[in-house]
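Q: Supplied in structure tokens, the structure appears directly below.
2 protein chains.
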Amino acid sequence: MEFNIKNDYFNKAISEVSKSVSTRTTLPILTGIKIIADTDGLTLIGSNSDIIIERILPKSNDGENMLEVLKTGSVVISAKYLSEIIKKLPNDIYLKVNDNQSVVIQSEEIVTKLNGINGEEYPSLPKVNLSSNFKIKSDDLIDIIKQTVFAASKSESKPILTGVNFSFQEELLTCVATNSHRLALKKYNIKSNLNGSFIVPSSSLIEFSRLFGSCTTEIDIYATETNIVFKSNTISLYSRLIEGVYPNISALIPEQSNTIITLDTTQLLKGIDRASLFASEWRNNNINLQIIDKSRLKISSKSSEMGQIEEVQYIKGISGVDELDISLDGNFMMDALKAIKEDEVKLCFNGSMRPILVIPEGNEQQLQLISPVRSY
Amino acid sequence: MEFNIKNDYFNKAISEVSKSVSTRTTLPILTGIKIIADTDGLTLIGSNSDIIIERILPKSNDGENMLEVLKTGSVVISAKYLSEIIKKLPNDIYLKVNDNQSVVIQSEEIVTKLNGINGEEYPSLPKVNLSSNFKIKSDDLIDIIKQTVFAASKSESKPILTGVNFSFQEELLTCVATNSHRLALKKYNIKSNLNGSFIVPSSSLIEFSRLFGSCTTEIDIYATETNIVFKSNTISLYSRLIEGVYPNISALIPEQSNTIITLDTTQLLKGIDRASLFASEWRNNNINLQIIDKSRLKISSKSSEMGQIEEVQYIKGISGVDELDISLDGNFMMDALKAIKEDEVKLCFNGSMRPILVIPEGNEQQLQLISPVRSY
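Chains as they are written, first to last, in the numbering used here: chain A, 26 to 401; chain B, 26 to 401.
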């Protein structure tokens with residue numbers, strides 16, 4: 026294998042693939058990036074136990090020649106050293122693999138020799154069925170991820186809850202994440218007639234957002250029993266799926282509420298943030314919400330040792346019972362509000378011991394539930 | 026005590042003082058900031074076992090009214106909560122201390138109550154002799170700090186070497202730092218006729234650079250047997266001094282050299298950085314310098330496991346013996362080169378087992394020494 030390549034072009038692709046490469050693994054080959062050079066260009070592959078990233082580098086980019094393949098072949102090179110070397114080299118890169126898998130990387134007067142591993146030894150990619158797929162704009166999928174993934178569980182005690190459930194039914198995609206104390210749900214209308222339910226690890230979705238966050242592109246999604254693939258023209262992200270049946274959450278969502286109040290999203294977020302100042306002294310970051318004078322919301326928290334904070338915000342609209350006193354986890358409420366783009370938000374209550382429903386004003390596609398905590 | 030103050034003005038001062046406040050201390054009062062309100066304005070004081078920062082807030086700043094003192098007095102408030110509250114409050118601040126040391130902080134509809142401590146209980150500041158002092162521009166002192174402090178020892182095994190030695194003699198200030206493997210020396214001409222030698226902790230000097238880095242101002246320096254004070258119009262930084270006698274380093278600096286080469290500072294820094302890629306596999310981050318063809322410098326490092334890197338740079342000038350092969354710690358060389366502002370640098374050698382002298386071209390006020398390491 027032998028090629029010349031523009032530094033920036035190579036560097037960017039290596040950094041995209043590097044993120045998926047294991048640093049702690051017993052298999053030395055998985056700490057490397059597999060580089061395949063063929064007549065069309067290069068392919069870089071990196072993987073860990075959860076995801077695989079495959080990055081295709083065509084010979085030209087926006088009409089500019091970026092790459093010249095002098096000899097086809099493949100090799101696996103330490104991701105850590107490859108990325109550090111390419112970052113520090115000043116100019117175009119010449120890379121050549123000798124018969125003993127010794128890799129020469131050269132730029133101007135600088136010559137680096139790295140010990141590579143035969144590319145044939147790298148594990149092969151999982152097979153996917155290319156006939157059954159679903160198309161979505163990368164921006165839309167990143168929005169869905171942002172509005173759900175934070176609510177997934179961080180604890181491995183219930184592995185199913187560490188992922189986001191993607192469920193396709195009759196032209197509707199429903200994404201749900203929950204840690205059993207809070208829940209985020211987002212609906213998205215689709216054109217294809219796919220059916221099925223997949224639990225995708227949160228870490229893979231966060232990696233998707235990172236990889237595709239900088240530009241809008243069409244994404245094809247393919248799934249098998251064990252894997253899901255997010256594929257654009259130049260990048261494929263393979264992720265394992267979490268095994269198991271996702272809990273049925275439809276029974277959790279109240280159909281009507283005793284009290285519904287409308288508030289300014291940004292002001293409420295700032296208020297909760299301030300009230301959380303002393304809330305951190307509690308195990309559950311407790312803050313208290315109370316309707317006063319039937320028209321205002323008092324947000325407060327206190328610590329017996331340090332002090333207390335309280336503020337009053339005007340309620341923009343109220344319906345139903347106009348008395349309420351409820352405590353909840355301020356961090357959960359902040360996460361919920363950060364996921365809402367709309368200027369106004371509706372909080373729906375069914376008393377101080379039942380979950381609060383958080384809904385963006387005028388958007389029926391997104392909802393969130395937060396369980397109250399006992400106040401002391 | 027009772028006053029109104031502009032949010033930004035208060036916020037900035039709190040954040041300046043906060044950095045000096047202990048978070049881990051057995052004395053609760055030292056986790057707080059002392060606020061003193063008198064007819065001229067506010068004074069904020071924060072301290073830890075090494076430094077004290079005293080910040081004066083006059084009633085007006087650049088002709089604008091910033092502060093209105095309604096009642097004089099003093100109080101100590103938790104630095105952590107005070108800074109978080111002020112950061113999150115939206116507008117001008119009203120602060121009042123009640124008789125039971127309960128502090129009310131208010132902004133718009135937001136009311137915070139914090140438990141304060143009586144200001145009289147805060148330890149008093151060390152006394153300094155204001156008659157014997159030395160004036161320097163903050164920028165010049167920051168330059169001196171940047172060019173020396175990195176070479177001080179990080180290990181507490183020899184406390185004297187963890188500081189920078191400021192030595193005043195006959196209109197010359199000489200600053201030296203060394204960890205016994207490398208040394209940085211900077212001379213600075215002064216007008217006063219101070220005499221004496223002080224060892225200032227590196228952490229205090231780094232704190233000085235942080236505090237005074239944003240604007241140029243005149244600094245007065247006062248010293249006693251145990252303390253040094255850096256004082257501008259609005260900020261005083263008190264630091265303890267390190268006890269003991271600093272080693273005499275004049276004997277370490279070679280008066281002449283067998284080989285002197287001149288190189289481009291930036292290119293050499295980049296080359297050493299690249300060569301350090303594999304050097305990290307060594308205990309001492311070894312890189313190798315070798316003069317080849319009497320006109321070029323080969324910079325290289327290798328790792329038996331991963332590979333090797335080498336490059337060749339043109340020597341701009343050479344005098345003395347034109348053969349050399351020496352190994353040294355790449356990190357020490359990079360630190361030395363980063364402290365040099367000049368475009369060209371002279372490396373002076375006395376064989377492969379003697380320290381290298383690093384001198385900026387055309388600047389006799391700054392020099393550095395780096396001991397070689399044995400190559401394996």
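Note that beta-carbon positions come from the ideal geometry of N, C-alpha and C, so glycine has one too.
First and last residue of the alpha helix (DSSP H) that includes A:Tyr34?
A: Unbroken alpha helix (DSSP H) run through A:Tyr34: 32–43.
Q: Any idea what DSSP makes of B:Gln333, helix, strand or coil?
A: strand
Q: Determine, using beta carbons only, whether B:Asn313 and B:Ser352 come nearer to each other than 8 Å.
A: Result yes, Cβ atoms of B:Asn313 and B:Ser352 sit closer than 8 Å.
Q: Would you mind working out which of B:Lys211, B:Glu27, B:Ser99, B:Lys327 sits nearest B:Thr173, comparing C-alpha positions?
A: Measuring from the Cα of B:Thr173, the nearest candidate turns out to be B:Lys211.
Q: Going by DSSP in three states, A:Leu236 sits in which element: helix, strand or coil?
A: helix
Q: Do you know offhand how far B:Ser329's Cα is from B:Arg379's?
A: 26 Å
Q: Using a C-beta to C-beta distance shorter than 8 Å, which residues of chain A count as neighbours of B:Leu314?
A: Within 8 Å Cβ-Cβ: nothing; B:Leu314 doesn't reach chain A, min ~15 Å.
Q: CA-CA distance, B:Gly71 and A:Tyr106?
A: 45 Å
Q: Give the range of the alpha helix (DSSP H) segment to which A:Ala360 is assigned.
A: The sequence given here has Asp at residue 360 of chain A, not Ala. Looking at the DSSP string, the run of the alpha helix (DSSP H) that includes A:Asp360 is 355–363.
Q: Quick one: list the residues of chain B neighbouring A:Asp298, beta-carbon separation under 9 Å, in chain order.
A: Lys113
Q: Considering only the beta carbon of each residue, do B:Ser127 and B:Lys138 sit closer than 8 Å?
A: Using a Cβ distance threshold of 8 Å, B:Ser127 and B:Lys138 count as a contacting pair.
Q: Go to B:Gln194, then tell me how far its beta strand (DSSP E) extends in each direction, as first and last residue.
A: Judged by DSSP secondary structure, B:Gln194 falls within the beta strand (DSSP E) whose first and last residues are 188–194.
Q: Could you name the residues of the stretch 116–137 of chain A whose beta carbon sits closer than 7 Å to any beta carbon of chain B, in the order they occur along the chain?
A: Glu134, Ile135, Val136, Thr137
Q: Is A:Ser85 helix, strand or coil by DSSP?
A: strand
Q: Do the CB positions of B:Ile224 and B:Ile185 come within less than 8 Å of each other?
A: yes
Q: Could you tell me the distance, in whole angstroms, from the CA atom of A:Gly269 to the CA atom of A:Asn190?
A: 11 Å
Q: Taking Cβ-Cβ distances shorter than 8 Å, what residues in chain B pair up with A:Met358?
A: Per Cβ cutoff of 8 Å: no residues; A:Met358 is ~15 Å from chain B at best.
Q: Note down, in chain order, all residues in the stretch 328–356 of chain B with a beta-carbon under 8 Å from any beta-carbon belonging to chain A.
A: Glu330, Met331, Gly332, Gln333, Ile334, Glu335, Glu336, Val337, Gln338
Q: Could you please give the first and the last residue of the uninterrupted alpha helix (DSSP H) stretch that includes A:Ile312?
A: Per DSSP, A:Ile312 belongs to no alpha helix (DSSP H); it is in the beta strand (DSSP E), 311–317.
Q: Could you tell me the alpha carbon to alpha carbon distance between A:Arg38 and A:Thr48, rounded to whole angstroms?
A: At residue 38 of chain A the sequence reads Ala, which differs from the Arg that was named. Inter-residue distance for A:Ala38 and A:Thr48 is about 18 Å (C-alpha atoms, whole angstroms).
Q: Determine the DSSP secondary structure at A:Lys138, reduced to helix, strand or coil.
A: DSSP places A:Lys138 in the strand class (E or B) of the three-state scheme.
Q: Taking three-plus beta-carbon pairs below 8 Å as touching, is the stretch 129–144 of chain A in contact with the stretch 193–210 of chain A?
A: At 8 Å Cβ cutoff, the stretches do not touch.
Q: Considering only residues of the same chain and omitting the five flanking positions on each side of A:Val119, which have a CB-CB separation below 6 Å?
A: Inspection of the sequence shows that residue 119 of chain A is occupied by Tyr rather than by Val. These residues qualify, in order along the chain: Asn29, Gln131.
Q: Please report the straight-line C-alpha distance between A:Gly376 and B:Leu230, rounded to a whole angstrom.
A: Between the alpha carbons of A:Gly376 and B:Leu230 lies a gap of roughly 57 Å.
Q: Tell me A:Tyr119's beta-bridge partners as DSSP assigns them.
A: A:Asn29, A:Gln131
Q: Where does A:Asp21 land, buried or exposed, given buried means 16+ other C-beta within 10 angstroms?
A: Since the displayed chain A opens at 26 and closes at 401, residue 21 of chain A lies outside it and no answer follows.
Q: Using a cut-off of 7 Å between C-beta atoms, extract the partners of A:Asn310 located in chain B.
A: Within chain B, no residue comes near A:Asn310; the closest Cβ sits about 14 Å away, beyond 7 Å.
Q: Please list the residues of the stretch 136–166 of chain A that have a C-beta atom closer than 7 Å to any C-beta atom in chain B, keeping them in chain order.
A: Val136, Thr137, Lys138, Leu139, Asn140
Q: Within its chain, find whatever has a CB closer than 6 Å to the CB of A:Glu27; leave out the 5 residues flanking it on each side and keep chain order.
A: Taking C-beta separations shorter than 6 Å and ignoring five residues to either side along the sequence, the partners of A:Glu27 in its chain run Leu95, Lys96, Lys121, following chain order.
Q: Output yes if chain A places a C-beta closer than 8 Å to the C-beta of B:Leu288; else output no.
A: no
Q: Please identify, using Cβ separations under 7 Å, the residues of the stretch 52–66 of chain A that lie next to chain B, in order along the chain.
A: none
Q: Less than 8 Å between the CB atoms is what I'm expecting for A:Lys160 and A:Asp245, so what's the real figure, rounded?
A: That pair is a contact at about 6 Å.
Q: Answer yes or no: does any C-beta atom of chain A fall closer than 8 Å to that of B:Ile110?
A: yes
Q: Report the neighbours of B:Ser103 on chain A: residues whose CB is nearer than 7 Å to its CB, in chain order.
A: Met331
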